Each structure stands twice: as structure tokens, then as C-alpha cells.
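There are 4 protein chains.
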Amino acid sequence: MVGGGQGAFIGAVHRIAARIDDRWELVAGALSSDLERAMASASDLGIAPDRSYGDYAKMAEIEAARSDGIDAVAIVTPNHVHAAPVIAFLKAGIAVICDKPLCATQDEATEIAKAVKAAKVPFVLTHNYTGYPLIRQARAMVAAGELGTIRVVQAEYAQDWLTEAVEETGNKQAEWRTDPARSGGGGAIGDIGTHAFNLLSFVTGLRAEALAADLQSFGPGRRVDDNAHIMLRMEGGARGMLWASQVAVGNENGLRLRIYGDKGGLEWGQENPNVMTLARVGEPKKIVTRGGAGLGGGAGQWTRIPPGHPEGYLEGFANIYADAADLIGGHGDRALLPGIEAGLDGMWFIDACIRSSKADGAWVAR
Amino acid sequence: MVGGGQGAFIGAVHRIAARIDDRWELVAGALSSDLERAMASASDLGIAPDRSYGDYAKMAEIEAARSDGIDAVAIVTPNHVHAAPVIAFLKAGIAVICDKPLCATQDEATEIAKAVKAAKVPFVLTHNYTGYPLIRQARAMVAAGELGTIRVVQAEYAQDWLTEAVEETGNKQAEWRTDPARSGGGGAIGDIGTHAFNLLSFVTGLRAEALAADLQSFGPGRRVDDNAHIMLRMEGGARGMLWASQVAVGNENGLRLRIYGDKGGLEWGQENPNVMTLARVGEPKKIVTRGGAGLGGGAGQWTRIPPGHPEGYLEGFANIYADAADLIGGHGDRALLPGIEAGLDGMWFIDACIRSSKADGAWVAR
Amino acid sequence: MVGGGQGAFIGAVHRIAARIDDRWELVAGALSSDLERAMASASDLGIAPDRSYGDYAKMAEIEAARSDGIDAVAIVTPNHVHAAPVIAFLKAGIAVICDKPLCATQDEATEIAKAVKAAKVPFVLTHNYTGYPLIRQARAMVAAGELGTIRVVQAEYAQDWLTEAVEETGNKQAEWRTDPARSGGGGAIGDIGTHAFNLLSFVTGLRAEALAADLQSFGPGRRVDDNAHIMLRMEGGARGMLWASQVAVGNENGLRLRIYGDKGGLEWGQENPNVMTLARVGEPKKIVTRGGAGLGGGAGQWTRIPPGHPEGYLEGFANIYADAADLIGGHGDRALLPGIEAGLDGMWFIDACIRSSKADGAWVAR
Amino acid sequence: MVGGGQGAFIGAVHRIAARIDDRWELVAGALSSDLERAMASASDLGIAPDRSYGDYAKMAEIEAARSDGIDAVAIVTPNHVHAAPVIAFLKAGIAVICDKPLCATQDEATEIAKAVKAAKVPFVLTHNYTGYPLIRQARAMVAAGELGTIRVVQAEYAQDWLTEAVEETGNKQAEWRTDPARSGGGGAIGDIGTHAFNLLSFVTGLRAEALAADLQSFGPGRRVDDNAHIMLRMEGGARGMLWASQVAVGNENGLRLRIYGDKGGLEWGQENPNVMTLARVGEPKKIVTRGGAGLGGGAGQWTRIPPGHPEGYLEGFANIYADAADLIGGHGDRALLPGIEAGLDGMWFIDACIRSSKADGAWVAR
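Residue numbers (this note's numbering), protein chains in the order written: chain A, 1 to 366; chain B, 1 to 366; chain C, 1 to 366; chain D, 1 to 366.
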């Protein structure tokens with residue numbers, strides 16, 4: 001693991017996700033760029049001192065050389081510290097599991113893409129919401145034509161933790177996520193918008209061809225967007241809207257997806273991810289549960305416990321790690337795991353939003 | 001009543017709404033432009049033959065002359081037959097309660113506005129969703145500053161009854177609502193979008209200054225929009241999105257409103273209109289019920305039965321009629337009743353959506 | 001109408017319910033036993049002075065004699081003033097629409113039953129919740145065997161308005177409803193328990209054969225039950241539980257019904273009465289809406305507006321009045337309208353609960 | 001671990017729960033009474049062959065003697081194979097984490113209680129639902145008097161997996177759970193009723209003093225109860241109902257708890273465990289989320305991720321394992337971890353239900 005030392009948030013999430021299915025063991029890390037903190041963090045996590053590094057480059061080099069070297073590295077640093085370690089590990093022949101968004105700038109994205117192309121090992125981007133069983137079932141349903149031709153997508157990701165200027169009162173997460181230098185220019189669009197954008201493509205199998213965006217910064221003094229209104233034109237003629245907000249008071253982590261075709265529609269929300277509604281023209285709406293009655297195996301294949309026993313965010317994230325273990329082991333399903341394409345797509349999204357908004361909401365095409 | 005004869009839909013709704021609070025009696029009507037049908041419809045409704053007219057102009061003239069003439073007329077014809085009767089009755093000195101949208105064209109709107117200005121009697125537009133008690137309570141809360149400065153509004157009105165081309169298979173409602181000549185050019189934007197647009201202004205007290213729209217017609221052969229994606233810029237700096245759809249499979253009448261300020265947020269949906277959630281920064285979300293505990297009289301003043309005893313669409317509509325009776329009687333609260341301003345606002349909305357969409361989503365300002 | 005004068009609650013509800021479908025006109029009344037109040041109330045409601053009576057007996061006599069006499073009378077007095085007027089009007093040959101429960105004592109119930117048997121005019125008891133369209137659809141579904149053989153019923157009616165001793169602080173409704181002399185001995189079991197008990201028989205078509213009850217009075221100084229726990233044995237082998245409470249803080253009018261057979265189950269709640277869930281073994285649960293897609297006409301036949309446009313308590317009540325108009329007119333469906341059998345069943349329920357509870361919860365059979 | 005070999009269900013759940021917080025490592029096991037299967041299962045799980053036992057007695061003996069012996073054993077066998085291994089390990093000085101219910105018979109319960117009393121090591125019973133953060137917050141709220149004096153409790157646990165006689169068609173879980181010899185006599189009451197019973201005492205801090213039960217077996221040929229209706233009398237005057245069912249079609253794992261005092265009420269359901277509603281007399285109901293805004297730290301202290309990021313069944317279970325690690329390490333909070341008292345309480349519940357039901361629902365006191 002690179003990043004994720006004491007005081008970090010997403011690193012701990014990655015570690016639990018990796019543990020749940022007992023497919024991974026954490027044996028080495030460059031947990032902080034501060035050596036002392038790196039060592040202390042490693043000690044907390046039971047990493048042997050000789051495999052705790054103060055420097056990701058050294059870690060890549062030494063681990064690649066060990067006969068018992070790591071199978072993969074997780075990159076869980078802030079966005080602007082993704083590109084260099086990703087490239088270093090890929091070059092060293094070590095598979096990479098990287099947090100999203102891909103990186104901070106288009107140039108970095110291009111460099112990473114080159115490295116991925118050149119590498120013989122997998123690159124996985126943790127758009128973790130794609131690991132939710134019902135999201136994967138939804139994807140399979142759309143692919144099987146159960147909704148018919150997709151016409152309309154409505155995606156939203158609403159939070160409220162940046163309603164006030166908490167980045168100025170000591171909230172570390174808020175600090176780097178609202179600092180353009182570290183986040184990469186996007187605020188809500190990068191931090192959460194990319195998840196919603198990725199998810200709608202993941203489920204529908206459709207890429208966005210163009211978007212028009214109106215970005216706002218409501219938090220006093222805020223330097224990045226904290227609310228974004230976006231219209232979408234998808235390949236195949238579908239149209240969509242995407243709303244990302246970190247100032248929508250009363251929303252904790254409201255990622256919601258609604259998809260409508262000429263034969264049916266489905267609706268899902270992340271906060272109660274074990275339930276989805278499915279409508280077909282002329283029929284009563286159905287409540288589809290994770291692994292529940294009817295509708296085939298569906299979501300059940302990516303779940304650990306019976307329907308009615310709720311799984312959550314960590315289990316969805318764990319599916320990414322379990323599948324990554326398969327993939328790196330040589331027998332996984334690439335189609336279900338977000339990789340470089342998803343990463344580049346997300347970077348296009350961030351950039352296009354910023355350009356469109358600056359151009360007063362003009363459509364920006366690929 | 002003008003319109004609302006046999007086979008019509010909204011006329012019957014107006015009649016029930018007028019009856020509920022026992023403030024109105026239906027005594028005269030030009031229920032159809034077909035005289036035979038007009039007479040038969042009048043007979044069904046217990047209207048005396050001598051007050052059943054085949055012609056609204058005659059009705060206006062004769063009723064105005066009677067000492068026991070009508071106090072008000074309800075105009076419930078298709079959109080393109082609003083302007084002429086509205087103007088005729090206003091000129092005859094008879095108050096008008098008119099279904100929305102105001103009319104079919106901007107020119108008609110201008111004429112109606114003139115007539116309203118010149119008239120000494122009230123003009124009421126039945127944006128009936130403003131009659132829901134919790135919507136009025138929400139308006140009062142926003143006005144009292146409970147949400148702080150409004151930042152973001154999300155309005156949507158999703159239906160699915162036009163998913164297929166039912167206008168071609170004998171659905172009368174679908175026929176005129178998808179015929180540009182009768183609907184006035186707008187499809188979903190006029191039929192339902194205007195309701196959502198009106199509602200967000202009603203609750204926030206803010207007018208839209210500009211909009212950018214992307215309209216689509218998904219139904220095969222359809223001549224008007226059946227799905228609309230709209231971005232909004234409101235006075236005071238708030239921004240919004242509005243989605244109107246008649247092809248969102250699984251949605252019956254999904255009018256929903258979400259409003260966020262710098263102090264709080266509220267969310268309401270028409271399909272279960274007796275409940276609203278209210279969030280304040282740093283506090284748990286509250287479930288506000290129609291006339292329920294806490295939060296003052298609020299919605300309770302526009303309701304007939306105790307909380308927990310659901311009221312619905314008809315009772316909300318009835319509030320418009322009860323208030324109109326007060327207003328016409330000389331002692332009502334004009335502020336709560338949509339009138340010509342709301343009508344003109346809706347006509348601007350329809351026109352601006354069409355112009356923006358034709359201009360590839362360019363912002364259209366007032 | 002007998003009862004329902006100024007300050008009363010349920011009388012006004014009956015009047016709106018009667019008006020909604022324009023099948024009834026209120027033309028006479030003995031609105032209060034206090035003559036002055038009766039006259040004032042009649043005047044408020046537009047009843048002609050000569051048809052406003054201070055005495056129900058006189059009203060029965062005179063109205064029966066008039067050529068334009070009333071078609072039916074609504075009895076909306078407190079429970080202990082049901083029997084006498086019901087019998088008087090039936091004897092006078094005037095149809096009766098009576099609020100529930102039937103009356104205050106078993107002796108009165110026997111007398112009413114005799115009068116109903118002897119009468120040539122209909123007797124209707126306003127167990128209004130049977131008028132909800134989805135409740136009627138549920139009944140039809142059970143009758144059609146869609147749930148298979150019924151095994152388990154769970155009924156509950158939870159309110160909280162008597163959490164505190166409001167009967168001692170001027171709440172008129174609470175005063176008579178907690179006074180054994182006026183309520184008839186039962187508290188929650190009579191006021192709301194009878195509704196739940198009636199509803200489960202209405203939907204399942206099964207009578208209770210025995211019950212075991214544990215009644216409590218939590219309100220300080222309260223003389224009747226305000227919380228009741230009841231176990232049920234139904235004919236055909238089904239078993240049930242029924243909970244009625246007026247001290248369940250946070251519940252406004254929580255009447256809920258859940259029914260399970262060997263093939264399926266359904267769940268419905270009064271506070272959002274336009275939605276029901278239906279489960280069949282091995283299939284995903286369905287969301288059935290009032291008049292919505294699939295599942296045949298069902299609830300749609302007792303509704304006025306399209307699905308998604310919510311109807312509420314008053315429209316359900318209005319269905320009772322519309323059906324009563326049909327029945328009294330000679331062509332209604334007796335099976336859907338609660339009458340004397342439902343009334344006697346409810347009186348058995350109240351009495352059996354009290355006897356069982358006094359006998360420490362021993363089963364009391366018919 | 002004792003039990004939990006190939007094909008078992010709950011053993012795998014325990015293993016994930018133990019892994020999530022990285023406080024436990026699985027190093028030894030007697031995973032099956034069939035030696036070959038035990039060895040194969042151990043191999044699957046990475047347990048060294050020399051610490052895979054075919055016999056729990058041997059395992060207790062050898063592990064107790066090793067300097068690197070296990071810190072605790074998890075007993076995850078069917079109910080009738082709890083007592084012997086629990087006692088063996090306790091006698092060997094090894095802490096025990098045992099699945100619920102405690103055991104199969106009252107005699108076994110007495111023996112276990114003796115062993116626990118004599119032991120110097122902790123005994124933990126995995127009533128895992130007590131590990132849900134909001135359940136612990138609810139317990140703290142009740143203890144702090146936020147609901148006032150508790151009056152009414154409504155607990156239910158509804159499933160549908162035994163609607164049909166699946167025990168006769170090869171469902172292994174159904175086989176032993178419906179076999180009185182292995183389950184201990186109780187069906188639904190033992191398998192799920194004990195959870196609901198435990199939970200209501202855990203949250204309210206009140207013990208049941210007496211119960212009256214009506215048990216049924218609806219599944220054809222079924223030898224244990226699959227539906228149970230129970231009335232409760234709690235210490236301090238509160239009364240309750242408890243419904244446990246495995247034939248309630250449409251319910252997957254519907255454990256729900258509703259508690260009402262003279263000051264407030266709260267409601268929680270397991271299938272969406274991250275949300276609870278809290279009502280106070282005269283105030284609007286609040287939606288309390290796991291670790292969400294307002295109401296103090298509360299649930300947040302037993303959670304790993306921010307509010308809005310759902311945790312589920314496994315995380316609740318993991319809290320039991322994490323707390324057990326603390327307790328066994330000498331610094332845990334005994335009050336939050338179910339132990340022998342909860343186990344004996346559950347055994348009383350099962351026995352009292354059976355006795356009451358045989359006595360036609362007579363009250364059975366402690």
C-alpha cells in the first residue's frame with residue numbers, strides 16, 4: 001500500500017475491503033511520505049519494519065526484486081500523488097489497484113495510460129460502487145435488453161459535508177479535496193461526480209458523447225466546485241442528467257441511479273444498496289433484492305450472506321478486491337473491473353465539465 | 001364551467017375539488033363545443049337546460065346579465081381554447097378559474113394578461129400542486145429563513161404514460177396533449193414541466209432568470225417533447241435542475257421537489273404528499289407531516305382531517321377552489337393563489353425551453 | 001344527519017365524504033341534543049330551519065311523513081347515542097348510515113340487530129377503511145386464491161394522541177372516548193381496534209373464532225384501555241395478532257395489515273394507502289398501486305383519478321357513501337358494504353377482549 | 001473454531017466477522033466431526049494440518065497446552081452440539097465465543113452456566129444483532145431516559161424461507177433447524193425468536209417476567225413451530241408482543257423493533273439497519289442515521305465508515321468479535337456483550353413458549 005498512514009481515511013477502507021474475503025494480506029507499505037509516520041503506521045498495521053518504506057520508488061524496486069514480493073500495490077494517496085507511484089509499480093512489473101479519480105491532470109492521465117498499455121500486469125481503478133451486487137445485476141439486465149433501448153439516465157451524488165467551509169476549520173479530508181493543486185481542479189465533479197458518471201456507463205454500457213455543465217462554488221471562499229449540474233448525451237441517443245453536490249443539506253452519501261428504456265426502468269440508491277426497483281411497461285413495479293427471489297442468480301453471485309442480511313459499502317468494495325485477486329491470478333472477469341478506460345473516461349468528465357462551465361454551459365464533445 | 005363534458009378528464013377533477021368544501025355549486029356550463037354533447041353532459045351533472053350553453057360567448061353574456069348569474073367560471077378546455085373564453089368572461093365581469101398552462105401561444109398570453117389587468121374580478125390559474133398543505137408550509141419555512149439562503153433546487157416531474165405511442169391508438173388525452181396545434185408547442189414541458197417550474201418558484205419565492213434546455217421526443221413519431229432536461233439560474237444566485245418526462249417507465253406521477261439552502265434542506269414528493277423531510281445543518285433530519293407534531297400550525301390550516309389521515313390530490317386541488325371562493329368573495333390571500341404572473345411565467349418557461357433547445361442548449365434569459 | 005354539530009369531528013368527515021361524488025345532499029338534521037346549538041349548526045350548513053330538529057325521534061317521524069323526506073340518515077353521535085336513533089329511523093322506514101362501533105353495549109347491539117332484521121331499508125356501518133380501493137383489491141385477490149390458504153394475519157392500529165392524559169386538559173374527543181359510560185367500556189379496542197379487526201376479516205373473508213387479550217391503561221388515571229395486545233384464532237386455521245394503541249409515540253394513524261398464505265403475502269398501511277406490496281413464493285415482491293399497471297382493473301374501479309395522483313382518507317370514506325347510495329337505490333353490492341354483521345362482530349370483539357383480559361388472557365371463543 | 005466446515009453457513013459468517021477488524025486470526029479448528037471433511041475444510045482455510053482436529057476435546061486439550069495456543073474458540077455447530085464443546089474449552093481455560101441459542105436443552109444450559117461461573121475466561125454468545133451501532137445507540141438512549149418509562153415493546157422477526165417444506169427437499173439448513181433433536185425443540189422461536197427476545201431486553205434493559213404463547217407449524221409435516229405469537233409482560237410494567245415467523249411470504253429477514261415510553265418512541269428494522277426513527281411527544285419524528293448529524297457520538301463509535309456509507313450484517317457481527325477481543329484482552333465492556341445471562345434468558349424463552357402454548361396460551365412466569 002502507498003498512502004493510507006495514520007489519519008488517512010480511504011486507506012483503512014481499502015484494507016478492510018481487502019481482508020473481508022481473505023484473498024489479500026498486507027505485507028509491505030510506503031504509508032506516508034514522512035518516514036517516521038510511515039514507520040509508525042506500518043507498525044500499527046503489523047507490517048515488518050524491513051518492508052515499511054518511506055518512498056514508493058524504493059518500495060517498487062525492492063519488492064519487485066524479492067522472491068516473496070507483493071502481488072499488487074494499492075495506491076491510496078491524494079489525487080496528485082497517483083501518477084508517479086502507479087507508473088513506478090507498473091514499470092516494476094507489479095499490479096496496481098488505484099483509488100479514483102485516476103489522477104490530477106490530463107497529462108498525468110496520458111502518462112498512466114501509456115504505462116498501463118506497456119505493462120504486463122493488471123491495473124484496477126477502485127470505482128468501488130461497481131462492486132455492489134445489484135449494480136452488477138442491473139448491468140446484466142440492461143445488457144440482456146430487459147429495459148429495451150436506453151432513453152434516459154438520471155444520476156446523482158448528493159452529500160452535505162461541505163455545506164460550510166469546513167476546509168478552513170481543520171478538516172483534513174476537506175482541505176486536500178478542495179485544494180485545486182491536490183484534487184486536480186475538480187471539486188465535487190472529481191470526488192463524487194466521477195463515481196456517478198462511471199456508474200451510469202457501467203450499468204448502461206453506454207459512453208457519454210458530450211456534456212454541458214454548470215458548476216458552482218457555494219462554500220464561502222471555496223476554490224473548487226461544490227455543486228454541479230450536468231446534461232449528458234450518450235451514444236445511441238440516450239440523454240441524461242447528472243447532479244453532484246456536497247452542499248445538499250440532509251444528504252449523507254446519496255448516490256442514486258435511475259435508468260429508463262423503451263421497455264422498462266430501474267432505480268437504485270447507494271444508501272440502501274440491497275434493494276432496487278424494476279419496472280416493465282404495463283406491469284407492476286418489482287422490488288428486486290440482493291440475491292432475493294426470482295430474476296435468476298443475479299446479484300447473488302457477488303454476495304456472502306442470504307438476502308435480508310444487508311451487505312454494505314465495505315462488501316461492495318471487497319468485491320473489487322476479490323475480483324482483482326482473480327484477475328491478477330490470471331482468471332478474473334476484466335469486464336466487471338474498472339481499469340484504465342474508466343480512469344480516462346473520468347478524467348475526460350472532469351475536464352469537460354470545467355471547460356463547458358467556463359464556456360457558459362456549451363456542449364463539449366469527445 | 002367551460003369544457004369538461006363527457007369523456008373529459010380534468011373537468012371532473014375541478015368539479016370534485018369545488019364540491020369538497022361546499023363553497024361552490026355548479027349551475028351553468030358550456031361543457032362542449034358540440035351542442036348535443038354539451039346538453040347531455042349538463043343533464044348528467046344536474047345543470048338546468050336553460051343554463052347549459054353550446055357557446056362560451058353566449059354563456060358569458062347571458063350569465064353576466066342574470067341577477068343570479070355565476071360568481072366564477074372554470075375554464076377546463078385544451079390549452080388552445082383557453083384564451084378566448086378567459087377574455088370573454090373577464091370582459092363580462094365574471095371571475096375566472098383557468099386550468100394550466102395559461103394558453104397555447106405567447107400572443108394569447110399577452111392578450112390574457114391585458115384582459116386580467118383591465119378586469120375588476122380575480123383570475124386564478126389552477127397550479128393545483130400549490131394547494132398541498134405541506135407545499136404551503138414549505139413556502140412559509142423558506143420565507144422565514146429556515147433553510148437560509150437558497151443555493152440549489154432540484155425539481156422533477158416524471159411520468160410514464162407516453163412511453164409508447166398511445167396517441168396513435170385511441171388515447172384522447174394523449175392525442176391533444178401531443179398535438180402541437182392544441183397543446184401549444186410544448187409537450188412534457190407544458191403539460192407537467194410548468195407545474196414543476198411553478199412549484200419551485202412558489203416554494204422558494206425565487207424567479208428563474210435563465211434556463212438551458214435539452215428537449216427530446218422518444219415516442220416514435222411524436223411531434224412534441226416527451227422528456228426534457230433543463231438547467232436553471234434563479235434570482236439571488238441559486239441554481240437548479242428540472243427534469244420532466246412522460247417516458248420514465250415506473251413513474252406514475254412523480255412530481256418531486258428538493259430545495260437546499262446554506263442552513264437547511266427539504267424534500268417532498270407528490271405521490272405521498274402528507275410527508276416532507278426537513279434537514280438543518282448539524283441536526284438529524286425531521287419527518288414533517290401534514291398538520292403533525294411540532295413546527296407550528298403550518299400545514300394544519302389547509303387541511304380537513306387529523307395528521308395520519310391522508311389527504312390527496314383532490315384535497316390539494318380543493319384548497320385552490322376554497323381560496324378562490326374567499327378571494328372572489330373579497331377576503332382571500334392573493335399570495336397563495338397562482339394568477340396571471342404564474343401563468344406568464346409558465347408561458348415564458350415553455351417558450352424559453354423550446355428556444356434554448358433549438359439553440360443547442362444555449363442559456364435563454366428573461 | 002344526527003349529531004355532527006358545531007365542534008364535532010366525525011360529522012364533518014361524513015359530510016365531505018357524502019359530497020365528493022355528488023350522490024347526496026344534506027337537507028335535514030338533528031345536529032345536537034341542545035336545540036340552540038342544533039339550529040345554529042344547521043344554519044351553518046345551509047339546512048332549512050324547518051328541517052333542523054332538536055330531537056332525532058321527531059326528525060324520524062316528520063321526515064318519514066314528508067313526500068320529499070330524506071333517503072337516509074347518518075348517525076354520527078358518540079357510541080352510547082347510536083342505538084336509539086338507529087332503531088327509530090329504521091322503524092320509520094329510513095335507511096341508516098351509522099358510525100362505528102355499532103353501539104355501547106351488547107344489549108343495545110341485540111336491539112339494533114332486531115331492528116335491522118325487521119327493517120326493509122338498508123343499514124350501513126361506516127367501517128370506512130374498507131372503502132380504500134387497494135383494500136377492496138386485496139379482498140378480491142385473497143378471494144381469488146392469490147395468496148393460497150391464509151395462515152397468518154398481523155393487524156395493528158397505532159396512534160399516539162392519548163400518550164398523555166389529554167382527556168383531563170380539555171380535549172373533547174378524548175373526553176368521551178375515554179369515558180366508559182359514553183364509549184361503552186372499550187377504549188382503544190373500540191375506537192380503533194374494531195377497525196383493524198373488521199379490516200382483517202373484510203380482506204381475508206375469515207371470521208375470528210377466538211381471541212386472547214391483554215389490555216392496558218397507561219395514561220395516568222385513564223379508565224379505559226389505551227393499549228391492547230390480542231392473539232387471534234381465525235376460522236380455517238389461520239392465526240393472528242392484533243395490536244391497538246393510542247400511546248405509541250410517533251404513530252399518527254398507523255393502521256397496517258399484513259396477510260400471509262401458503263402461496264403469497266400482502267402488506268398495506270393506511271398512511272400511504274395508494275400502495276400495497278404483494279409477494280408470491282419464489283418471485284420478487286411487487287408494488288401494487290391504486291389503479292396502476294398490471295393486475296387487472298382491481299382498485300381502479302373505486303377511484304376517481306389516475307394512479308400516482310394520491311387519494312386519501314376522504315375518498316375511501318366517500319366510496320362507502322357512493323356505494324350506500326347505490327344500495328339504497330336498490331342496485332348496490334351488499335358484499336362490499338359493512339352492515340349489521342360487521343357491527344355485531346365488532347361488539348363481540350370489544351366484549352371478548354374485555355372478558356379475556358379480565359380472565360388473565362384466557363381464550364374467549366364465540 | 002468448532003464446526004463451520006465445508007457446506008456450513010454460520011461458520012463462514014463468523015470468520016468474516018472476525019477478520020473485518022483484524023483482531024483475530026484463524027489458526028486451529030475442529031471443523032467437522034468427520035475427520036476427512038475436517039481436514040479438507042481446514043486446508044481450504046489455510047489452517048496448518050497439525051492444528052486441524054477431528055475432535056473438539058482433543059483440540060481443547062492440545063491448544064490449552066501449546067504456548068501459542070488459541071486465545072478463544074468459536075463454537076458454530078448446530079444447537080445440540082454446543083454444550084459439550086463449550087464446557088470442554090472453558091474447562092481448558094480457553095475463552096468461548098458461541099453461536100446462539102445457547103444450547104438445545106435446559107439441562108445443558110444449567111451445565112454451561114456452571115462451567116461459565118467456574119471459568120476464569122470470558123464466555124460470549126453471538127446475539128450478533130446487538131452489534132448493530134444503532135441498536136447500541138438505542139440502548140443508550142433508553143438508558144438515558146430519552147423515551148421516559150417504557151410502556152410498550154413490539155418485536156418481530158419475519159422470514160419466509162420455510163413457507164414450503166424445504167427440509168424435505170434437500171435444504172441442509174432447514175433439515176437441522178426443523179429437527180427437534182438437533183434444534184432443541186424450538187423452531188422459529190429458537191432460531192429467530194431468541195434474537196428478537198434478546199434484542200428487546202438489550203435495548204430496553206428490561207427482562208420479561210412472563211409470557212403467553214401460541215405456536216403453530218404451518219409447513220406440511222413440520223415437527224417444530226414455524227410461526228409464533230407471543231404476548232409479554234416486562235419488569236417495570238411494560239407490555240409487549242413478539243411475532244416470529246418463517247412462513248411470512250415476502251419477508252427475507254425482517255427483524256424489527258419498536259419501543260414506546262411515556263416520553264418517546266423509536267423504531268428500527270434490520271434490513272436497513274443504518275436508519276432509526278425517534279419520536280418525542282409533541283415533536284416531529286427524527287431520522288437518526290448511523291453516526292449521522294446530531295444526537296452525539298452515539299452509533300458512530302462502533303462504525304468504520306462515515307454515515308451514508310452503509311454498514312450491514314457482517315459489520316454488526318464484527319463488532320461482537322472486536323469487543324470480544326477487547327474483553328478477552330482484559331479491557332472490554334462486558335455490558336455490551338451478550339453472555340451467559342442472555343443465553344439462559346433465551347433458553348427460558350424457548351421453554352416458556354413451548355410450555356405456554358401447550359397450556360393453551362396460559363401465562364408462564366419466571
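For glycine and all other residues, C-beta sits at the position ideal for the given N, C-alpha and C. Fair warning: this is a prediction, and the values are worked out from it, not measured in the lab.
- Message: Determine, for Leu295(D), whether the minimum Cβ-Cβ distance to residues of chain B falls below 8 Å.
- Response: yes
- Message: Is the separation between the beta-carbon of Asn79(C) and that of Cys103(C) shorter than 8 Å?
- Response: yes
- Could you check what DSSP says for Asn253(D) in three-state terms: helix, strand or coil? coil
- Query: By Cβ distance below 8 Å, which residues in the same chain neighbour Gly205(B) in space, the five residues on each side in sequence not counted?
  - Reply: Arg139, Val142 and Ala143
- Three-state class that DSSP yields for Tyr260(D) in the structure shown: strand
- Message: Could you tell me which whole beta strand (DSSP E) segments of length 3 or greater appear in the stretch 52 to 80 of chain A?
- Response: 72 to 75
- Between Ala418(C) and Gly339(C), what straight-line distance do the alpha-carbon atoms span, to the nearest angstrom? Residue 418(C) falls outside the range modelled here, since chain C spans only 1 to 366, and no answer is possible.
- Can you name the residues that DSSP bridges to Ser245(D)? Ala158(D) and Asn227(D)
- Item | DSSP-derived helix/strand/coil call for Lys358(B) | helix
- Query: What did DSSP end up calling Ile305(B) once you bin it into helix, strand or coil?
  - Reply: coil
- Would you say Ile47(C) and Val27(C) are within 8 Å of each other, going by their C-beta atoms? yes
- Give the DSSP-derived three-state secondary structure of Ala279(C) in the structure shown. strand
- Counting only the same chain and skipping the five closest in sequence on each side, list residues whose C-beta sits under 6 Å from that of Met59(C). Ala30 and Tyr53
- Message: Which residues in chain D have a C-beta closer than 7 Å to the C-beta of Glu235(B)? List them in chain order.
- Response: What Glu235(B) touches in chain D: nothing, since even the nearest Cβ is about 30 Å away.
- Message: Could you tell me the alpha carbon to alpha carbon distance between Asp191(B) and Glu271(C), rounded to whole angstroms?
- Response: 29 Å
- Roughly how many angstroms lie between the CA atoms of Ala365(C) and Phe349(C), to the nearest whole one? 10 Å
- Taking the alpha carbon of His195(C) as the point to measure from, which residue in Met234(C), Leu255(C), Glu235(C) and Asp262(C) has its own alpha carbon closest? Leu255(C)
- Message: Strictly by DSSP, which residues pair up with Leu215(D)?
- Response: Ala228(D)
- Item | Ala335(C) classed as buried or exposed, judged by whether at least 16 other C-beta atoms fall within 10 angstroms | exposed
- Task: Confirm, please, whether the CB-CB distance from Pro310(A) to Gly69(D) is below 8 Å.
- Result: no
- Message: So, under 8 Å CB-CB, Gln154(D) and Gly240(D) are touching, yes? Tell me the CB distance rounded to an integer number of Å.
- Response: 7 Å
- Just to check, is the beta-carbon of Arg51(B) closer than 7 Å to a non-hydrogen atom of the ligand SAH? Inclusion of the ligand SAH in the displayed structure is not the case, the ligand content being empty and no account of it being possible.
- Residue from Gly316(C), Asp360(C) and Asp323(C) whose Cα sits closest to the Cα of Tyr129(C): Gly316(C)
- Looking at the unbroken alpha helix (DSSP H) that takes in Ala181(C), where does it start and where does it end? Pro180 to Ser183
- Message: Run through chain C and tell me which residues come within less than 8 Å of Gln270(D), C-beta to C-beta.
- Response: By Cβ distance, chain C contributes nothing, its closest Cβ being about 17 Å from Gln270(D), past 8 Å.
- Cβ contact (3+ pairs, closer than 8 Å) linking the stretch 269 to 289 of chain A and the stretch 321 to 328 of chain D: no
- Message: Comparing C-alpha positions only, which one of Asp226(B), Leu125(B), Tyr260(B) and Ile112(B) sits nearest to Arg151(B)?
- Response: Tyr260(B)
- Query: Using 8 Å as the threshold, is the stretch 221 to 239 of chain B in touch with the stretch 175 to 193 of chain B, meaning 3 or more CB pairs across them?
  - Reply: yes
- Should Gly193(B) go down as buried or exposed, given a rule of 16 or more other Cβ atoms within 10 Å for buried? buried
- Query: Residues of chain C with CB under 9 Å from Leu215(B), in chain order?
  - Reply: The premise fails here: Leu215(B) is roughly 23 Å from chain C at the closest Cβ pair, so nothing lies under 9 Å.
- Message: Counting only Cβ pairs nearer than 7 Å, list the residues of chain D close to Gln154(C).
- Response: Trp243
- Query: Looking only at C-alpha atoms, which of Leu232(C), Arg222(C) and Glu156(C) sits nearest to Leu257(C)?
  - Reply: Glu156(C)
- Task: Grab the span of the beta strand (DSSP E) containing Phe9(B) for me, first residue to last.
- Result: First-last for Phe9(B): undefined, no H or E at that position.
- Option in Asn319(D), Leu327(D) and Thr110(D) with minimal Cα separation from Arg15(D): Asn319(D)
- Interface positions of the stretch 132 to 162 of chain D facing chain A (Cβ-Cβ less than 9 Å), listed along the chain: Gln159, Asp160 and Trp161
- Task: Using the Cα positions of Ala115(D) and Ile94(D), report the straight-line distance between them to the nearest angstrom.
- Result: 12 Å
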